[in-house]
Amino acid sequence: MLSGLITSLFGGISVGAVLLIAALGLAIVFGLMGVINMAHGELMMIGAYTTFLVQNAFKGTPLAEFYIFPALIAAFLVAGLLGLVLERTVVRHLYGRPLETLLATWGVSLILQQFVRSVSWQFAIGIVIFGGLYYGGNLLIGGRSTKFGWQQLLLTVISGIATLVSCNVLGDIFKLAITQPWFGAQNVDVTAPAWLLGGLPIGEDQLPSTRIFIVVLTALCVTAVYWFLNKSMWGLRIRAVTQNREMSACLGIPTDRVDGITFALGSGLAGIAGVAVSLLGSVGPNTGTNYIIDTFMVVVVGGVGKLVGSIVAAMTLGIASYLIGSDGLAPFLTWAPPLANFFTFFSNSSMAKVMVFAAIFVFLQARPAGLFPQKGRTVDN
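For what it's worth, the numbering used here labels the leading residue of the sequence shown as 62, then goes sequentially.
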């Protein structure tokens with residue numbers, strides 16, 4: 062029975078570890094800029110798909126069993142770069158408008174989901190052709206103005222028509238080669254390396270090596286984020302902007318650049334979380350949707366912008382969800398049959414989430430600012 066409890070607790074810790082990696086980036090972004098990024102889950106999805114591509118690239122090579130390490134780097138860079146583009150093109154123009162930011166990033170999340178379902182060589186070629194025609198034509202007419210006038214509108218229509226025609230022609234010529242989606246709507250599988258397929262024996266049970274790897278990875282990410290925020294030059298600038306943006310700007314800190322770096326860092330951490338998620342199950346366009354609500358709950362319960370709060374909240378929610386959902390509490394409540402039956406009723410993943418969310422609702426009535434609320438000048442900003 063003790064080994065079963067240890068296994069259940071470790072399962073909950075591993076679930077909390079995934080939530081913590083994702084919540085780290087979200088807590089940093091939300092704490093600094095007050096941006097509710099609904100596309101954060103899709104950045105996790107991009108990290109998971111990046112892992113799938115790296116795995117395929119390393120198949121048949123001597124380093125195939127160690128693809129997970131290049132995948133971590135690639136997922137961080139790809140998701141971080143995508144987050145930086147999102148901040149520069151969408152979020153930057155909506156600072157101080159939380160409702161518009163929420164709706165815009167939600168729209169981006171839907172676009173990313175459909176992009177994964179539909180992207181093909183024909184689609185990619187079409188984007189390149191349209192970009193070349195539009196920006197090339199804009200340079201020819203001397204369009205350096207930021208205003209979207211009738212010339213830009215005409216150029217957009219012409220470029221769009223030319224792109225559709227050229228893509229249809231290319232599709233007819235190379236139909237089988239370029240029209241097939243890269244991923245499609247179906248889920249894809251990421252196979253863990255052989256050295257992660259075993260486990261650590263605990264009595265009659267064992268702790269899966271993949272979950273041990275995820276816990277270690279989370280610990281390394283937390284350590285790296287703590288060092289970056291407290292020891293590096295840009296980390297100190299991020300903390301300064303978080304405390305007082307106006308005063309930081311007066312002191313010469315480039316707040317715009319800090320915003321971009323912060324968003325890229327948070328997005329990169331979401332990409333690493335996607336690598337962890339890919340080791341736990343299949344990857345699909347809706348992968349991020351399954352985690353985004355839990356990730357926001359970690360940030361809210363822990364306290365916005367608080368690293369310690371995110372750690373405590375992620376571990377608490379992960380352990381509670383796993384113990385309740387796997388019926389890990391009922392065997393220890395045989396002395397109280399009504400209580401054991403109560404937890405048995407909630408012993409599946411969906412009902413466990415209902416119970417956990419109900420507990421969070423009650424908790425936030427007493428402590429609306431979370432476990433570790435902001436204090437002092439940070440609250441005023």
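By construction, the Cβ of each residue, glycine as well, lies at the ideal position given by its N, Cα and C atoms.
Original post:
Can you tell me the Cα-Cα spacing of Gly102 and Phe191, whole angstroms?
Top reply: Reading the sequence shown from its first residue, position 41 is the one you call residue 102. Reading the sequence shown from its first residue, position 130 is the one you call residue 191. For Gly102 and Phe191, the distance between alpha carbons rounds to 28 Å.
Original post:
What's the gap between the Cα of Ala185 and the Cα of Ala223?
Top reply: As a position in the sequence shown, residue 185 is number 124, starting the count at 1. As a position in the sequence shown, residue 223 is number 162, starting the count at 1. Each residue's alpha carbon lies about 15 Å from the other.
Original post:
How long is the line joining the alpha carbons of Ser309 and Val319, rounded to whole angstroms?
Top reply: Taking the sequence shown and counting its residues from 1, one reaches residue 309 at position 248. Taking the sequence shown and counting its residues from 1, one reaches residue 319 at position 258. Computed Cα separation, rounded: 11 Å.
Subject >> Val319 in three-state terms, based on DSSP >> reply: Counting from one through the sequence shown, the residue named residue 319 turns up at place 258. Note: Val319 maps to helix in three-state DSSP.
**OP:** Can you give me the Cβ contacts of Gly296 inside the same chain, cut-off strictly under 6 Å, excluding the 5 residues immediately before and after it?
**Re:** Counted from its first residue, the sequence shown places residue 296 at position 235. So the qualifying residues of the chain are Phe289 and Leu290.
**OP:** Please check the pair Leu104 and Ser328, which I expect to be a contact at CB under 8 Å, by giving their CB distance rounded to whole angstroms.
**Re:** Taking the sequence shown and counting its residues from 1, one reaches residue 104 at position 43. Taking the sequence shown and counting its residues from 1, one reaches residue 328 at position 267. Right, the Cβ-Cβ distance comes to about 5 Å (below 8 Å), so this counts as a contact.
Subject >> Collapsed DSSP secondary structure at Ile263 in the structure displayed >> reply: Locating residue 263 in the sequence shown gives position 202, where the first residue counts as 1. Strand at Ile263.
**OP:** Spatial neighbours of Arg438 within its chain, please: CB distance less than 7 Å, with the 5 preceding and 5 following residues excluded, ordered by chain position.
**Re:** Here the question's residue 438 lines up with position 377 in the sequence shown. With a pLDDT of 49 at Arg438, under the threshold of 50, the modelled position of that residue is not reliable, and the figure given next carries that caveat. Here the set comprises Gln304 and Asn305.
**OP:** Please go through the same chain and pick out, in chain order, the residues whose beta-carbon is closer than 6 Å to the beta-carbon of Phe71, but skip the five residues on each side of it.
**Re:** Taking the sequence shown and counting its residues from 1, one reaches residue 71 at position 10. Here the set comprises Leu268.
Subject >> Contact set for Val440: own chain, Cβ-Cβ below 6 Å, skip 5 residues either direction >> reply: Here residue 440 refers to the residue found at position 379 of the sequence shown. With a pLDDT of 49 at Val440, under the threshold of 50, the predicted position of this residue should be treated as unreliable, and no value is reported.
Original post:
In whole angstroms, what is the alpha-carbon distance linking His154 and Thr316?
Top reply: Indexing the sequence shown from 1 puts residue 154 at position 93. Indexing the sequence shown from 1 puts residue 316 at position 255. Near 14 Å, if we compare the C-alpha coordinates of Thr316 and His154.
**OP:** Note down, in chain order, each residue of its chain lying with its Cβ closer than 7 Å to the Cβ of Val76, except the 5 sequence neighbours on either side.
**Re:** Within the sequence shown, residue 76 is the residue found at index 15, counting from 1. Same-chain partners within the cutoff: Gly379, Ser382 and Tyr383.
Subject >> Three-state class that DSSP yields for Leu160 in the structure shown >> reply: Reading the sequence shown from its first residue, position 99 is the one you call residue 160. Leu160: helix per DSSP, three-state reduction.
Original post:
With Val277 and Thr112 assumed to form a contact (beta carbons below 8 Å), what rounded beta-carbon distance in angstroms separates them?
Top reply: By one-based count along the sequence shown, residue 277 stands at place 216. By one-based count along the sequence shown, residue 112 stands at place 51. With a Cβ gap of about 17 Å, Val277 and Thr112 do not count as contacting.
Subject >> Pairwise C-alpha distance: Gly349 and Glu161 >> reply: Translated into the one-based positions of the sequence shown, residue 161 becomes position 100. Translated into the one-based positions of the sequence shown, residue 349 becomes position 288. Going from the Cα of Glu161 to the Cα of Gly349 covers about 21 Å.
**OP:** Tell me, please, whether the region 78-90 touches the region 352-363 by the rule of three or more beta-carbon pairs shorter than 8 Å.
**Re:** yes
**OP:** Go ahead and pull the three-state DSSP assignment for Leu81.
**Re:** Position 20 of the sequence shown holds residue 81. In this structure, Leu81 counts as helix in the three-state DSSP scheme.
**OP:** Kindly identify the DSSP beta-bridge partner or partners of Pro269.
**Re:** Against the sequence shown, residue 269 aligns to sequence position 208. According to DSSP, which records beta bridges pairwise, Pro269 is partnered with Gly260.
Original post:
From what residue to what residue does the alpha helix (DSSP H) around Val302 run?
Top reply: Position 241 of the sequence shown, counted from the first residue, corresponds to residue 302. Looking at the DSSP string, the run of the alpha helix (DSSP H) that includes Val302 is Met294 to Gln304.
**OP:** List the DSSP bridge partners of Val369.
**Re:** Here the question's residue 369 lines up with position 308 in the sequence shown. Beta-bridge pairing links Val369 to no other residue.
Original post:
Is Arg149 helix, strand or coil by DSSP?
Top reply: Here residue 149 is taken as the residue at index 88 of the sequence shown, counted from 1. Of the three classes helix, strand and coil, the one that applies to Arg149 here is helix, per DSSP.
Original post:
Lys414 lies in the alpha helix (DSSP H); which residues open and close that run?
Top reply: Locating residue 414 in the sequence shown gives position 353, where the first residue counts as 1. Counting along the chain, the alpha helix (DSSP H) containing Lys414 begins and ends at Ser410 to Ala427.
**OP:** Using a threshold of 7 Å, state whether the C-beta atoms of Ala253 and Thr271 are closer than that.
**Re:** Within the sequence shown, numbered from 1, the residue matching residue 253 stands at position 192. Within the sequence shown, numbered from 1, the residue matching residue 271 stands at position 210. Against a cut-off of 7 Å, the Cβ pair of Thr271 and Ala253 comes out as a contact.
Subject >> Boundaries of the alpha helix (DSSP H) in which Ala109 is found, first to last residue >> reply: Translated into the one-based positions of the sequence shown, residue 109 becomes position 48. Counting along the chain, the alpha helix (DSSP H) containing Ala109 begins and ends at His101 to Phe119.
Original post:
Looking at Pro346 and Val177, is the spacing between their C-beta atoms short of 7 Å?
Top reply: Position 116 of the sequence shown, counting from 1, holds the residue named residue 177. Position 285 of the sequence shown, counting from 1, holds the residue named residue 346. Cβ distance < 7 Å, so Val177 and Pro346 count as in contact.
**OP:** Could you tell me which of Leu215, Phe433, Ile97 and Gly144 sits nearest to Arg158, measuring between CA atoms?
**Re:** Residue numbering aside, residue 158 sits at position 97 when the sequence shown is read from its first letter. Among Leu215, Phe433, Ile97 and Gly144, the Cα nearest to that of Arg158 belongs to Ile97.
Subject >> Separation of Phe274 from Leu3, as counted between CA atoms >> reply: One cannot answer for residue 3 here, as it falls past the ends of the chain, which runs 62 to 442.
**OP:** Flag this pair as yes or no: are the beta carbons of Ser179 and Ala100 separated by less than 7 Å?
**Re:** Position 118 of the sequence shown, counted from the start, is the residue given in the question as residue 179. Position 39 of the sequence shown, counted from the start, is the residue given in the question as residue 100. No, the pair does not count as a contact, with Cβ atoms beyond the cut-off.
Subject >> Secondary structure of Asp441, DSSP reduced to three states >> reply: Here residue 441 refers to the residue found at position 380 when the sequence shown is read from its first residue. Here the model assigns Asp441 a pLDDT of 47, short of 50, so the residue's position is not dependable, and the following value carries that caveat. Asp441: helix per DSSP, three-state reduction.
**OP:** Within its chain, find whatever has a CB closer than 6 Å to the CB of Ala109; leave out the 5 residues flanking it on each side and keep chain order.
**Re:** Along the sequence shown, read from residue 1 onward, the residue named residue 109 stands at position 48. The answer, listed in chain order, is Gly335, Val338, Ser339, Val344 and Thr348.
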